[in-house]
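**Student:**
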Amino acid sequence: MSPAAWQITWFTAWVAVVSTLCILPPGLALAWLLARRDWPGKSVVETLVALPLVIPPVATGLLLLKLLGRRGVIGHWLETSLGLEIVFTWKAVVVATAVMSFPLLVRTARVAFESVNPRVEHVARTLGAGPWRVFWTITLPLARSGVIAGAVLAFARALGEFGATVMVAGFIPGKTETLSLSIYHLVQLGRDGEALGLLVISVALAFGAVWFSERMLRRARA
């Protein structure tokens, strides 16, 4: 592997790890709420969570660009109040991959939480355990395999993200250069041999992540 390919691979994996870690707390919280609570507007939230799975990724990227750009509501506030610039930086890559992988984590973790028998949680509460303790000592351990599978699926989705990323982060060598963006760029330049090399790396990483996720899902169903 050439130094350039190694750097691109490392950056892609690093972004995927960071984005997955960022979505874990809100993703698990939302998955638990969807699995254990009913409230007005729940179907609307479920629909919003699923939207990135069905609308074109470039549309999601355009929305992020409008929100996080200098003239966007969020982007303007971040820049003027915190001096934080998101668009066309590595942070935009993390945001785009996090948004695109969030639904996979929520949907998989929700199924895992729904598979936990509520009676077990009820028994723990009758013995004096509070909601927080019940979640950490009963619910999460019993749903662990499914939660891990969801996190790995989110990681795999982040590895291959392209459409939203290219819109909000662009292709800046050394700054926002992920595997998928680099493959596209190399093909555009006619350097198909180098693109195929990165393709092999991308497929290997994705295959390993999905294989591990499937093992976790089988363990969760056992």
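Heads up: take any position in the sequence shown, counting from 1, add 184, and you land on my numbering.
For each residue, glycine too, the CB sits at the ideal point set by N, CA and C.
Decide if residue 185 is buried, meaning its Cβ has at least 16 other Cβ atoms within 10 Å, or exposed.
**Tutor:** exposed
**Student:** For a quick check, are the C-beta atoms of residue 386 and residue 364 less than 8 angstroms apart?
**Tutor:** yes
**Student:** Residue 398 by DSSP, collapsed to three states: which one?
**Tutor:** helix
**Student:** Going by alpha carbons, who is nearest to residue 215 out of 288, 283, 200 and 275?
**Tutor:** 288
**Student:** Is DSSP giving residue 223 helix, strand or coil here?
**Tutor:** Here residue 223 sits in coil by DSSP.
**Student:** Quick one, which of 324, 233, 379 and 330 has its alpha-carbon nearest residue 282's?
**Tutor:** Comparing Cα-Cα distances from residue 282 to each of 324, 233, 379 and 330, the minimum goes to 233.
**Student:** Within the same chain, show all residues whose beta-carbon is closer than 6 angstroms to that of residue 241, passing over the 5 residues directly before and after it, in chain order.
**Tutor:** Closer than 6 angstroms at Cβ, skipping near neighbours: 347 and 348.
**Student:** Measuring CA to CA, which of 310, 198 and 334 is closest to residue 274?
**Tutor:** 198
**Student:** Looking at the structure shown, is residue 317 part of a helix, part of a strand, or coil, going by DSSP?
**Tutor:** Three-state DSSP puts residue 317 in a helix.
**Student:** Count the other CB atoms within 10 Å of the CB of residue 203; is the residue buried (16 or more) or exposed (fewer)?
**Tutor:** buried
**Student:** Taking the straight line between their C-alpha atoms, what separation do you get for residue 367 and residue 341?
**Tutor:** 16 angstroms
**Student:** Residues in the same chain with beta-carbon distance under 7 angstroms from residue 356, minus the five sequence neighbours each way, listed in chain order, please.
**Tutor:** Result list for residue 356: 272, in chain order.
**Student:** Given residue 294, which residues of its chain have a CB within under 6 angstroms of its CB, disregarding the five upstream and five downstream residues?
**Tutor:** 215, 218 and 219
**Student:** Does the separation of the CB atoms of residue 390 and residue 344 fall below 8 angstroms?
**Tutor:** yes
**Student:** Going by Cα to Cα distance, which pick from 285, 318 and 301 is closest to residue 336?
**Tutor:** 285
**Student:** In the DSSP assignment, find the alpha helix (DSSP H) that holds residue 292 and state where it starts and stops.
**Tutor:** 274-298
**Student:** Using only the alpha-carbon positions, how far apart do residue 318 and residue 305 sit?
**Tutor:** 6 angstroms
**Student:** By the 10 Å Cβ neighbour count, where 16 or more other Cβ atoms means buried, how is residue 266 classified, buried or exposed?
**Tutor:** exposed
**Student:** Run through DSSP, which three-state label would residue 361 get?
**Tutor:** Coil.
**Student:** I need the DSSP call for residue 185, collapsed to helix, strand or coil.
**Tutor:** coil
**Student:** Using 10 angstroms around the beta-carbon of residue 401, count the other beta-carbons present and answer buried if the total reaches 16, otherwise exposed.
**Tutor:** Its Cβ being crowded by 16 or more others within 10 Å, residue 401 is buried.
**Student:** Quick check on this structure: which residue in 383, 395, 405 and 268 has the alpha carbon closest to the alpha carbon of residue 196?
**Tutor:** The candidate whose alpha carbon is nearest that of residue 196 is 383.
**Student:** Is the beta carbon of residue 262 closer than 8 angstroms to that of residue 300?
**Tutor:** no
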